[in-house]
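Engineer: Structure provided below as structure tokens; questions to follow.
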Amino acid sequence: QPTHGSSQSQWSYLGLREEEGEHQQRKSETSMAGNLGSTVAPVSSSLSRLQALNGLFAVYKKQGPTSADVLNALKEALLKEAGVQNPNPRKRRKQSLKMGHGGTLDSAASGVLVVGVGNGTKMLSTMLTGSKKYVAVGELGKATDTLDATGSVILEKDFEHITRPDVEAKLKAFTGDIMQVPPLYSALKKDGQRLSVLLKKGHKVEAKPARPVTVYNLTLLEFKPPLFTLDIECGGGFYVRSLVDDLGKALSSCAHVKELTRTKQGQFTLQEHALHEEQWTLEHILQSLQCCSEGELEPEPPEAET
Numbered sequence: 001q002p003t004h005g006s007s008q009s010q011w012s013y014l015g016l017r018e019e020e021g022e023h024q025q026r027k028s029e030t031s032m033a034g035n036l037g038s039t040v041a042p043v044s045s046s047l048s049r050l051q052a053l054n055g056l057f058a059v060y061k062k063q064g065p066t067s068a069d070v071l072n073a074l075k076e077a078l079l080k081e082a083g084v085q086n087p088n089p090r091k092r093r094k095q096s097l098k099m100g101h102g103g104t105l106d107s108a109a110s111g112v113l114v115v116g117v118g119n120g121t122k123m124l125s126t127m128l129t130g131s132k133k134y135v136a137v138g139e140l141g142k143a144t145d146t147l148d149a150t151g152s153v154i155l156e157k158d159f160e161h162i163t164r165p166d167v168e169a170k171l172k173a174f175t176g177d178i179m180q181v182p183p184l185y186s187a188l189k190k191d192g193q194r195l196s197v198l199l200k201k202g203h204k205v206e207a208k209p210a211r212p213v214t215v216y217n218l219t220l221l222e223f224k225p226p227l228f229t230l231d232i233e234c235g236g237g238f239y240v241r242s243l244v245d246d247l248g249k250a251l252s253s254c255a256h257v258k259e260l261t262r263t264k265q266g267q268f269t270l271q272e273h274a275l276h277e278e279q280w281t282l283e284h285i286l287q288s289l290q291c292c293s294e295g296e297l298e299p300e301p302p303e304a305e306t
């Protein structure tokens with residue numbers, strides 16, 4: 001684990017090659033008269049600089065798009081800024097941008113999505129296993145097939161008997177090292193296909209077995225029945241939807257997630273580090289990566305010690 005402030009920090013912007021001068025960036029694409037169709041425009045300096053990025057940064061994912069949709073939109077915005085309006089399949093390698101994200105955030109959820117670029121994609125496994133923070137709004141009295149507001153209501157039960165002390169008391173059983181059954185509608189795969197995709201195709205899917213997960217902190221922020229708000233800090237592999245569903249059952253009722261926001265992933269927080277769509281530019285990403293290399297983010301302690 002790199003030390004605080006190290007210029008070689010794994011969270012850092014690991015290097016940006018300074019290419020051509022400003023006049024080269026403005027240079028227009030050339031053509032050769034009499035040799036139409038054989039001319040290939042040179043790869044711009046902006047694209048070269050973009051492809052030289054290495055490291056991790058965070059973006060804000062709004063409700064609606066999938067994590068993959070966000071990644072594709074980010075790539076498109078950056079390539080467009082670099083002058084690649086319509087990527088040429090024959091130049092795919094030259095015009096490509098190596099990028100990945102550090103863990104799926106449900107399409108109905110919003111918040112921090114950590115992105116790896118260049119060699120930074122090799123660091124993303126730490127985001128999958130590291131700690132995360134969420135704020136979840138649950139609704140008592142209704143259960144859905146997806147365990148969130150995007151699904152169909154499959155059960156309704158009374159909730160008037162539930163009090164704030166009841167909820168707070170039950171939360172203790174969901175704190176620490178616990179066993180949790182993942183939702184059927186999830187990014188988990190069977191035979192190479194996501195369970196959620198198989199279900200939508202009408203295939204029968206069996207629930208995955210319960211697995212160990214860790215909840216570091218679980219707090220009831222607000223209780224206004226049927227709605228309640230939870231602040232959650234958890235380890236990798238944890239599903240907030242499963243927590244809310246299990247909590248509803250423990251309260252002799254049922255519940256589903258109405259809203260979900262990821263406020264922190266690893267060292268990246270929603271308020272301080274997540275770039276909004278209008279900030280998806282080379283300049284802002286450079287600034288974000290540079291902040292990391294200057295040690296403004298404390299290295300995360302090993303999960304086992306938390």
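Per the UniProt record's numbering, the very first residue in the sequence shown carries number 1; after that it's consecutive.
Even for Gly, the Cβ is constructed at its ideal location relative to N, Cα and C.
The structure displayed is predicted, hence computed values, not measured ones.
Excluding the 5 residues preceding and the 5 following D246 in the sequence, name in chain order all residues of the same chain whose CB lies nearer than 6 angstroms to its CB.
Structural biologist: Taken in chain order, the list of residues that qualify is empty.
Engineer: Which whole runs of the beta strand (DSSP E) in the stretch 197-265 are 3 residues long or more, in chain order?
Structural biologist: Runs of the beta strand (DSSP E) inside the stretch 197-265: 211-224, 227-234, 255-265.
Engineer: Exposed or buried, which one is D212 when buried takes at least 16 other CB atoms within 10 Å?
Structural biologist: Per the sequence shown, the amino acid found at residue 212 is Pro instead of Asp. So P212 counts as exposed.
Engineer: What distance in whole Å lies between the Cβ atoms of L113 and A58, which are believed to be in contact at a cut-off of 8 angstroms?
Structural biologist: With 8 angstroms as the limit, A58 and L113 qualify as a contact, their Cβ atoms being about 7 angstroms apart.
Engineer: Using the beta-carbon count (16 or more within 10 Å), is H256 buried or exposed?
Structural biologist: So H256 counts as buried.
Engineer: Mind checking whether G116 and L124 have CB atoms under 9 angstroms apart?
Structural biologist: Closer than 9 angstroms, so yes.
Engineer: Assuming E81 is part of the alpha helix (DSSP H), what are its boundary residues?
Structural biologist: Note, E81: alpha helix (DSSP H), 67-81.
Engineer: Thinking just about the alpha-carbon of each residue, which of E160, S96, T150, K132 is nearest to the one in G141?
Structural biologist: Checking every option, the nearest Cα to that of G141 belongs to E160.
Engineer: Would you check if the stretch 275-288 and the stretch 52-67 touch, i.e. whether three or more CB-CB distances between them fall below 8 angstroms?
Structural biologist: Yes: at least three Cβ pairs fall under 8 angstroms.
Engineer: Below 8 angstroms, can you find three or more Cβ-Cβ pairs linking the stretch 130-137 to the stretch 228-235?
Structural biologist: A contact exists between the stretch 130-137 and the stretch 228-235.
Engineer: What separation, rounded to the nearest whole angstrom, lies between the Cα atoms of F238 and K80?
Structural biologist: Approximately 36 angstroms between the Cα atoms of the pair.
Engineer: For G111, is the classification buried or exposed, using 16 other Cβ atoms within 10 angstroms of its Cβ as the cut-off for buried?
Structural biologist: G111 comes out buried.
Engineer: What does the alpha-carbon distance come out to for the pair R164 and S252?
Structural biologist: Going from the Cα of R164 to the Cα of S252 covers about 14 angstroms.
Engineer: Could you work out which residue in T104, L282, I162 is closest to E139 when comparing CA atoms only?
Structural biologist: If we check each option's Cα against that of E139, I162 comes out closest.
Engineer: Under DSSP, the beta strand (DSSP E) around Q51 begins and ends at which residues?
Structural biologist: From DSSP, Q51 is part of no beta strand (DSSP E) but of the alpha helix (DSSP H) over 45-51.
Engineer: Within a Cβ cutoff of 6 angstroms, which residues of the same chain sit near G151, ignoring the five residues on either side of it in sequence?
Structural biologist: Excluding residues within five positions, the ones whose Cβ falls inside 6 angstroms are T144, D145.
Engineer: Tell me the rounded alpha-carbon separation between A73 and K61.
Structural biologist: Roughly 11 angstroms separates the two Cα atoms.
Engineer: Please tell me whether P183 and R241 are closer than 9 angstroms, where the distance is taken between their beta carbons.
Structural biologist: For P183 and R241, yes; Cβs fall inside 9 angstroms.
Engineer: According to DSSP, is S288 helix, strand or coil?
Structural biologist: Here S288 sits in helix by DSSP.
Engineer: So, at 8 angstroms on beta carbons, what are the nonlocal neighbours of K170 in its own chain, with the 5 sequence-adjacent residues on each side left out?
Structural biologist: Excluding residues within five positions, the ones whose Cβ falls inside 8 angstroms are L247, A250, L251.
Engineer: Please name the residue or residues paired with Y185 in a DSSP beta bridge.
Structural biologist: Per DSSP, none; premise fails for Y185.
Engineer: If we ignore side chains and look at the alpha-carbon of each, how far apart do I154 and E168 end up?
Structural biologist: Taking the straight line from one Cα to the other gives about 26 angstroms.
Engineer: DSSP three-state label for T281, please.
Structural biologist: Looking at T281 - three-state DSSP - the assignment turns out to be coil, as it is neither helix nor strand.
Engineer: Quick one: using the 10 Å Cβ neighbour count with 16 as the cut-off for buried, is residue 327 buried or exposed?
Structural biologist: The question about residue 327 has no answer, for the chain in this structure spans 1 to 306.
Engineer: Do T66 and T121 have their CB atoms nearer than 9 angstroms?
Structural biologist: The answer is no: Cβ separation not under 9 angstroms.
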